Each structure stands twice: as structure tokens, then as C-alpha cells.
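All residue numbers for the sequence shown refer to the working numbering, where the first residue is 10 and numbers rise by one. Glycine included, every Cβ here is placed at the ideal spot set by N, Cα and C. Keep in mind the model is a prediction, meaning the values are calculated, not measured. A short write-up of the structure that comes next.
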Amino acid sequence: MSEARNGKDRILEIGGISVPDLAKACGTPLFVYDEKELDQQMSDYKTYFRSDQFETEVIYASKAFTCKALLQMLDQNGLSLDVVSGGELYMAKQAGFPMERIYFHGNNKTDEEIKLALDLGCKTIVLDSLMECERVVTLADSKGCSTEVMIRINPGITAHTHKYIITGNLDSKFGVMFHDEETILKMLDLVKNSKFTTFTGFHAHIGSQIFDLRAYDAVIERLIKYIKKLNRDHKIEIECLDFGGGFGVRYTEEDQPNEVQEVCSRIIKKCEEELLKYDLHLKKIMIEPGRSIVAEAGNTIYQVGFMKKTPNKEYLFVDGGMTDNIRVALYDARYDCDLAEKMDREKEYRYTVAGKCCESGDILIEDAMLPKAETGDLLIVYGTGAYGYSMANNYNRISRPAVVFVKDGKARIVIKRESYSDQLRLEANEEVII
Ligand SMILES: *Cc1c(COP(=O)(O)O)cnc(C)c1O
């Protein structure tokens, strides 16, 4: 759990540095990550996701948040990486992340992206459809580049949190429906007939912000039963299974996430049981946590600007908004907040915290209970470490915030604040030669 929100002093500290000091040195809005918490999450996954019956691999879903500093921490902790675009793959390469630990996902990879993965020697391409399979085989053959492939299966199990982040339903844009055996066999055939592609196993990812671990039990049961069937009917050998990510985190008091240890040991135990039941042996089991590694370690610091009363609300405007956190507008996401220099005061005022964008939906928190706020106060929103910066945008030409890592009283900028001129660096007036 985030240390920041348990602060007991009047002035909030993160990683041994007071929030006002951070704001003064780095400006606002500012993403602040507690490096110890990041490290702890990474090492907990590594420690607890273990079995003596098969190998295990923890693959971080880089879409939740990436930067070179984070990728280096992941590497040092021995985690692997999942990327879903050429851009994420390029970033990993630039950070020196080992290619033999990278998995390339995505439902519509371009030729350019597939070629980049082949050229860089990315370990595994996760095939999302039959068409993609054909393309990957063709490109691998024509380039003479080898790659391992997995197939993303839609296990037909939905882990419900919010309809926009459900991916396991029948009509999902992701993966091949598990009972569409014809398609799966065609894909396996294509892969087998190529000298350059090797099939290793199946992948499933059933949703996000999942608290009910029975959802994973169901996926494990279904996939292991399914590979037994493929094994029996078609003599197909499967080396590994990847059960995806989606482990829930605590955004507000209402969220009661499972401990990493509990999630890991439950998945491991369930796999061991099911494998035993079907007398199967697998080489490796994988999971792909994204959010649960970075969400709670990250917080956003804003400065309060103008305030306004309407008949039913009292608005508190901050110097960011949907440009640095679009999850509220997109998913009705909820967050907790505090005034970082008034931690000892009663929270007796009800505010609507809104951003500065020209969009009525640019609200960060409804009904935020806070002490009396004034212009210039620093507002901290907790648990913004996942899908905050990674979804940040330049709507209204608002510059992206800086990102700082803090630890033991030391702070380091890992992503600089975007300047106005940064925003103009792609402007051009070049004739197009047709
Ligand atoms: C998004 C995603 C994840 C990670 O989901 P979290 O909710 O961030 O844990 C893992 N695997 C795949 C394929 C994904 O698309």
C-alpha cells in the first residue's frame, strides 16, 4: 500500500522529501513515484511467483507506464516486458532492455512493427489472429529471422470492472476464441510449416482491476483443460501458458486489493493442481502485471488555482486535469486526494476537483472531502502511477508534466517537463514529393 497516504505529519512527505520541496524544485503538475515502492512490487512478484514444478516469468505490461529509469529497474529485478507497439519496443531497446525477455502483443501490428521485432530479436510475438499469423510467418520466412510465437486466446471469461476495459467477452477485439479450434489449428499449422517460427504456448488476458481471484481460477481451469484436449486430439505439445495481468489496486478506500503474495501463490497453486489433474507438464507459467506494479507508487501533485461556487458545488481548479489523467473521463475512475500542507486539518469541505481543459468532463474528483482550500495549496492525488503519464496528451496544447523518482531523501527527474517549444518540434512546411 502507498506510504504517502499514510502520512501523519502536517506536511506530506514522499520518499523522505516534503511535497512542497518537490513542487518548488520541479514545478507542478508533477508525477512523483516512490522508488522503494516500485522496487518492492517488482521484487514481491519475483519472489512469490515461483513453483518447483515449472519455470515462472513475470512480464511487466509496459503500457501502464514506461520510461528508461523504470525499464532499468525492471531489468535489475529480473522482470520481463510486454510491449504493444513499435514505439514501446523502440523505447525498450533504447533503455537497453534485453530483447530475449520481451513479448510483443497487439491486435493490429503493422509490417513495420513486425519487421522491427524480427530485426531486434524480440523473444516472442504474441499472435492475435489468423491474419496476423500469416503475416508474421511470411515476414519471418522472407527475412530469414527466427522468432517464437504464442497465440492469444479469448477464454470467453469476463472479469467485470468496467465495460470499457473488459477484453474477455465473445466479441472482444482481442485474441482467438478458444473454441474456434479450426482457426487455432490453422495457425499452428502455419507456424509449424515455417522454419523460422516456433510455437511455445497460449496467452490470455481477461481484463483489468480484477479483485475476484476466482476469475483467474476459471481461466486456468479452462486453458489447461483445453491444452489437454489439443494434446489428446492432435498431439500438440504446449510449453507455456501466460495468464495476463489485471490485478486490482487500491485507488480509494473502497478498493481492497489482494496482496501480491496472495495473487501469486493462488495462481501457482491452481496451475499445479490443474496440471496434476490432467497429468500434464508445462515448462513455464507467466503473468503480466502492469497497473499493480506502478499504480500505488505514483502520485500527482497539482497546485490549486481559482475556485468557484455554483448552486450545488464548490469547484477547486488545478493546473492539470484530463491531459495528465484521462482515466476519470474515460472510465469513471475514482481517486483520493489531500492538501499536502494541511494534513492535520479536519476534512470538512466538499469540493469538485476539476482540471483546466475546455471540456466539461474534465473533472478529476467529485465530492473530494478536504480541509478548507486556498489558491496556491498543493493537492496530491494518490495512486496515479498507472495509465496516467502513459495516457497523457497535449489537448489544449497543455504540456506534459515532469516525472520524478524519489528515494531516501533524494529526487531525480526521469522525464522532463515538456516545454512549449517541445510541442512545436514536429511543425513543418515541407513540400511532399509524390
Ligand atoms: C493491459 C494488459 C496487461 C496489464 O494489465 P494491468 O491491468 O495493467 O495489469 C497485461 N497483458 C496484456 C495483454 C494487456 O493488454
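- Taking all protein chains in view, the Cβ of F113 is crowded by 16 or more other Cβ atoms within 10 Å, so the residue is classified as buried.
- If you look at L373, you'll find it in the beta strand (DSSP E) that goes 372 to 379.
- Per DSSP, the unbroken alpha helix (DSSP H) holding I277 starts and ends at 269 to 286.
- Here the alpha carbons of V272 and L222 stand approximately 7 Å from one another.
- The C-beta distance from R409 to E436 rounds to 17 Å, too long to fall under 8 Å, and the pair is not in contact.
- Assignment of beta strand (DSSP E) within the segment 323 to 352, counting only whole runs of 3 or more residues, yields 323 to 327, 346 to 348 in chain order.
- Shown here, K204 sits in coil according to DSSP, grouped into three states, outside any helix or strand.
- By the criterion of at least three beta-carbon pairs nearer than 8 Å, the segment 291 to 305 is not in contact with the segment 337 to 353.
- Under the three-state reduction of DSSP output, Q312 falls in the strand class.
- Set against 7 Å, the gap from the CB of G253 to the closest heavy atom of ligand 1 is smaller.
- In the three-state reduction of the DSSP assignment, T384 falls in the coil class.
- Under the criterion of beta carbons closer than 8 Å, K45 and K419 do not qualify as touching, at roughly 11 Å.
- When the five nearest sequence neighbours on each side are left out, the beta carbons in the same chain lying within less than 8 Å of the beta carbon of E97 are those of S71, K72, T75, in order along the chain.
- Contact annotation: D53 and A13 have beta-carbon atoms that are not nearer than 8 Å.
- The Cβ atoms of L125 and K152 lie no closer than 8 Å to each other.
- Going by DSSP, E64 is part of no alpha helix (DSSP H) but of the beta strand (DSSP E) stretching over 64 to 70.
- When C-beta atoms of the segment 206 to 213 are compared with those of the segment 244 to 251, three or more pairs fall below 8 Å, so the two segments count as touching.
- Counting only runs of 3+ residues, the beta strand (DSSP E) found wholly inside the segment 198 to 264 occupies 206 to 212, 249 to 251, in chain order.
- In the three-state reduction of the DSSP assignment, K293 falls in the strand class.
- Between the segment 272 to 284 and the segment 308 to 325 there are fewer than three inter-stretch CB-CB distances shorter than 8 Å, so the stretches are not counted as touching.
- Judged by DSSP in its simplified three-state form, E122 adopts helix.
- Using a 10 angstroms sphere on the CB of R406, the tally of other CB atoms stays under 16, which defines it as exposed.
- Rounded to the nearest angstrom, the gap between the Cα atoms of V145 and I123 is 7 Å.
- DSSP places D431 in the uninterrupted alpha helix (DSSP H) bounded by 429 to 432.
- Sequence-distant partners of T192 (beyond 5 residues in either direction) whose C-beta falls short of 7 Å from its own C-beta, in its chain, are L139, V185.
- Between the segment 75 to 89 and the segment 338 to 354, the count of Cβ pairs shorter than 8 Å is below three; the stretches do not touch.
- Between L388 and V327, the CB-CB gap stays under 8 Å.
- Relative to ligand 1, the beta carbon of S89 is positioned no closer than 7 Å to any heavy atom.
- With contacts defined by Cβ atoms closer than 8 Å, T361 and Y324 form a contacting pair.
- In summary, F414 is buried, with 16 or more beta-carbon neighbours lying within 10 Å of its beta-carbon over all protein chains present.
- For E368, same chain residues with a beta-carbon under 7 Å away, outside a window of 5 residues either side, are M331 in chain order.
- Taking all protein chains in view, the Cβ of R161 is crowded by 16 or more other Cβ atoms within 10 Å, so the residue is classified as buried.
- For the pair K102 and S155, the Cα-to-Cα distance works out to about 18 Å.
- Ranked by how close their Cα comes to the Cα of Q265, the residues I276, F252, E305 have E305 in first place.
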